[in-house]
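Chemist: Got a structure for you, written out below as structure tokens; questions coming shortly.
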Amino acid sequence: MRAFQFSDVPLAAGPLIASLADPAAGGFASFEGWVRDHNDGRAVRSLEYEAYAELAVKEGERIVAEAIARFGVRRARCVHRVGALALGEIAVWVGVSAPHRAEAFAACRYIIDEVKHRVPIWKKEHYASGDSGWVNCERCAADGLHAHEHGGAAPAPARRARGRPVTGRSRPPVLPEAGRDGHARPSARPSHGPRRAHDERAGHQMPYRGGVTLGSRTWRSHAEETELPAPEEATGSRQEARAAGKARQAPRQQDGRGAAEGRAMSKGMDRKKESRKKPARTAAEKRAAKQEKKALRR
Amino acid sequence: MTNVTVQYFAVLREQAGRSEERVATDAATAAALYAQLQTRHGLRLARTQLRVAINGEFADWDAPLAEGARVVFIPPVAGG
Chain A
21 MRAFQFSDVP
31 LAAGPLIASL
41 ADPAAGGFAS
51 FEGWVRDHND
61 GRAVRSLEYE
71 AYAELAVKEG
81 ERIVAEAIAR
91 FGVRRARCVH
101 RVGALALGEI
111 AVWVGVSAPH
121 RAEAFAACRY
131 IIDEVKHRVP
141 IWKKEHYASG
151 DSGWVNCERC
161 AADGLHAHEH
171 GGAAPAPARR
181 ARGRPVTGRS
191 RPPVLPEAGR
201 DGHARPSARP
211 SHGPRRAHDE
221 RAGHQMPYRG
231 GVTLGSRTWR
241 SHAEETELPA
251 PEEATGSRQE
261 ARAAGKARQA
271 PRQQDGRGAA
281 EGRAMSKGMD
291 RKKESRKKPA
301 RTAAEKRAAK
311 QEKKALRR
Chain B
334 MTNVTVQYFA
344 VLREQAGRSE
354 ERVATDAATA
364 AALYAQLQTR
374 HGLRLARTQL
384 RVAINGEFAD
394 WDAPLAEGAR
404 VVFIPPVAGG
């Protein structure tokens, strides 16, 4: 079994789960990416995946190895489909077995996020209207030579453009680990600025910005540790992010005092931060912050 | 002149109308090679939208091209 591999036939979860069995594992977490019937406001009829297998397998195995090393999980693997896929099929499968659930969830999320952004795999959507397009590429091409950097030199803007449709496929809910922008990795917005909501099209070049919080540490990807310049942000969202980060960690740091106390404290911290330096927030931001807090209470 | 093999994937494969070709080039770097091929095949992705791999590993755009190198230009990825 390889830690990362491709399959040109439909995936069945059963044997994949069995392959991660480990006597020292007390938990297992998996993620399945499914072919869905719409994207970016268009009805999708089927998908096609293509990969540069030689490099993709190497990069995929690096990602799985990183997850195992960082989160201390027992076993992990990822299988990605290539070729033509029908609606509902599993496009990608990630599974992790670990002593405890926290590491399993964190490693699983790390793997899928990194795979989506680093591994040379391309997806072509075939639309109900009869045409088709490569996800993340068609608009780049349409922009012509409207060049933009996707890499570490990307500028700051941390906010997804407001009021514009997002071009990406997956819009995660607000998760504490990933921040408000989820896997969009907002800090790496291409250089033509925050108004162009095309984080997804930037694909592989987006350094992982979310990090995964486990215990009191926030794990960050190699790309971020080594390349990301931690740019200043004009929107004030870094302060928010810091406040949110502290609020996230507070309950865990309060170990022994009880979760309720930790929560109360983190709430108090939030309020202080807000009154001290947060600029006025839009209704959308307030909603997102509320959701984030809700997620934390769960 | 340096002889290299260029592989094309996904949107670049379609734009170039081929998945692989042998190229004799005077380009000293991967960046210069892409500029030449962009003109030759009418590739519509800007270099800044791509990454490059040489001999099966990610490489710098200004890495020198060695004889026999296998070069792949990588469009924005979309796995998952």
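Going line by line, the protein sequences match chains A and B.
Positions 21 to 318 (the numbering used here) are the ones given, in order, by the first sequence.
Positions 334 to 413 (the numbering used here) are the ones given, in order, by the second sequence.
A virtual CB, placed ideally from N, CA and C, is assigned to each residue, including glycine.
Please read all numbers here as calculations on a predicted model, not as lab measurements.
(1) Distance check for R121 (chain A) and V99 (chain A), CA to CA, integer angstroms please.
(2) Measure the C-alpha to C-alpha separation of Q340 (chain B) and N59 (chain A) and round it to an integer number of angstroms.
(3) Interface residues of chain B around N156 (chain A) at Cβ under 8 angstroms?
(4) With a threshold of 7 angstroms on Cβ separation, who are the neighbours of L376 (chain B) within its own chain once the five nearest residues in sequence on each side are excluded?
(5) To be precise: take each residue of the segment 376-393 of chain B, compare its Cβ to all Cβ atoms of chain A, and keep it if any distance is under 8 angstroms. Which residues remain?
(6) For Y72 (chain A), return the contacting residues in chain B, with the cut-off set at a CB-CB distance below 8 angstroms.
(7) Judging by CA-CA distance, which residue of A:L40, A:L31, A:R22 is the nearest neighbour of V116 (chain A)?
(8) Quick one: what's got a C-beta closer than 8 angstroms to A148 (chain A)'s C-beta in the same chain, skipping five residues either side?
(9) Helix, strand or coil: how does DSSP classify P409 (chain B) here?
(10) May I ask which residues mark the beginning and end of the beta strand (DSSP E) holding N340 (chain B)?
(11) Taking Cβ positions only, does A178 (chain A) come closer than 9 angstroms to chain B?
(12) Assuming the contact rule is C-beta atoms closer than 8 angstroms, G92 (chain A) and V135 (chain A) should be a hit. Round their C-beta distance to whole Å, please.
(13) Considering only DSSP beta bridges, list what T372 (chain B) is partnered with.
(14) Just checking my contact of R94 (chain A) with P119 (chain A) at CB under 8 angstroms: how many whole Å lie between their CB atoms?
(15) Please confirm if the segment 351-359 of chain B is in contact with the segment 381-389 of chain B, defined as three or more CB-CB distances below 8 angstroms between the two stretches.
(16) Given a threshold of 16 other Cβ atoms within 10 Å of its Cβ, counted over all protein chains shown, does E390 (chain B) qualify as buried or as exposed?
(17) Whole angstroms are fine: how far does the CA of P140 (chain A) sit from the CA of R22 (chain A)?
(18) Shortest alpha-carbon distance to W154 (chain A) belongs to which of A:I37, A:G47, A:E68?
(19) State the Cα-Cα distance for the pair E123 (chain A) and R90 (chain A), rounded to the nearest angstrom.
(20) Is the CB-CB distance between V112 (chain A) and E52 (chain A) below 9 angstroms?
(21) Rounding to the nearest angstrom, what Cα-Cα distance links A279 (chain A) and G46 (chain A) in this structure?
(22) List the residues of chain B whose Cβ lies closer than 9 angstroms to the Cβ of L75 (chain A), in chain order.
Modeler: In short:
(1) The residue given as residue 99 (chain A) occupies position 79 in the first sequence. The residue given as residue 121 (chain A) occupies position 101 in the first sequence. Rounded to whole angstroms, V99 (chain A) to R121 (chain A) spans 21 angstroms at the Cα level.
(2) Start at 1 with the first residue of the second sequence, and residue 340 (chain B) comes out as number 7. Start at 1 with the first residue of the first sequence, and residue 59 (chain A) comes out as number 39. Answer to the nearest angstrom: the Cα atoms are 29 angstroms apart.
(3) Here residue 156 (chain A) is taken as the residue at index 136 of the first sequence, counted from 1. Ordered by position in chain B, the residues that pass the 8 angstroms Cβ test against N156 (chain A) are P408, P409, V410, A411.
(4) Locating residue 376 (chain B) in the second sequence gives position 43, where the first residue counts as 1. The answer, listed in chain order, is L345, Q348, A349, L370.
(5) R377, L378, A379, R380, T381, Q382, R384, A386, G389, E390, F391
(6) Here residue 72 (chain A) refers to the residue found at position 52 of the first sequence. Those are Q340, F342, A386, V405, I407, listed as they occur along chain B.
(7) What you label residue 116 (chain A) is simply residue 96 of the first sequence in a count that begins at 1. Closest option to V116 (chain A), Cα to Cα, is A:L40.
(8) Within the first sequence, residue 148 (chain A) is the residue found at index 128, counting from 1. Take A148 (chain A), set aside five residues on each side of it, and the residues of its chain with a beta-carbon closer than 8 angstroms to its own are R62, A63, V64, R65, in chain order.
(9) As a first step, residue 409 (chain B) is located in the second sequence; it is residue number 76 there, counting from the start. It is coil, neither helix nor strand.
(10) For this step, residue 340 (chain B) is matched to residue 7 along the second sequence. It should be noted that the sequence gives Gln, not Asn, for residue 340 (chain B). 335-340 is the span of the beta strand (DSSP E), which, as asked, contains Q340 (chain B).
(11) Within the first sequence, numbered from 1, the residue matching residue 178 (chain A) stands at position 158. Low confidence applies to A178 (chain A): its pLDDT is 31, below 50, so where it sits in the model is not reliable, and the reading given next is rough at best. At a cut-off of 9 angstroms, the C-beta of A178 (chain A) has no neighbouring C-beta in chain B.
(12) For the purposes of this step, residue 92 (chain A) is identified with residue 72 of the first sequence, where counting begins at 1. For the purposes of this step, residue 135 (chain A) is identified with residue 115 of the first sequence, where counting begins at 1. Rounded, the Cβ-Cβ distance is 20 angstroms, inconsistent with contact.
(13) Locating residue 372 (chain B) in the second sequence gives position 39, counting from the first residue. None; T372 (chain B) has no bridge partner.
(14) If you number the first sequence from 1, residue 94 (chain A) lands on position 74. If you number the first sequence from 1, residue 119 (chain A) lands on position 99. With a Cβ gap of about 7 angstroms, R94 (chain A) and P119 (chain A) count as contacting.
(15) no
(16) Your numbering for residue 390 (chain B) matches position 57 in the second sequence. By the C-beta density criterion, E390 (chain B) is exposed, having fewer than 16 other C-beta atoms within 10 angstroms.
(17) Residue mapping note: residue 22 (chain A) aligns to position 2 of the first sequence, counting from 1. Residue mapping note: residue 140 (chain A) aligns to position 120 of the first sequence, counting from 1. Taking the straight line from one Cα to the other gives about 17 angstroms.
(18) As a working mapping, residue 154 (chain A) is identified with position 134 in the first sequence. Minimum Cα distance to W154 (chain A) is reached at A:E68.
(19) Along the first sequence, one-based indexing puts residue 123 (chain A) at 103. Along the first sequence, one-based indexing puts residue 90 (chain A) at 70. Their backbone Cα atoms lie some 9 angstroms apart in a straight line.
(20) Start at 1 with the first residue of the first sequence, and residue 112 (chain A) comes out as number 92. Start at 1 with the first residue of the first sequence, and residue 52 (chain A) comes out as number 32. It is a contact, given that the beta carbons lie within the stated cut-off.
(21) Stepping through the first sequence from its first residue, residue 279 (chain A) is reached at position 259. Stepping through the first sequence from its first residue, residue 46 (chain A) is reached at position 26. In this prediction, A279 (chain A) scores a pLDDT of 34, lower than 50, which makes its location untrustworthy; the coordinate-derived value is nonetheless stated afterwards. Cα to Cα, the separation comes out at about 23 angstroms.
(22) Along the first sequence, read from residue 1 onward, the residue named residue 75 (chain A) stands at position 55. Within chain B, the residues near L75 (chain A) are A386, G389, E390, F391, V405, I407.
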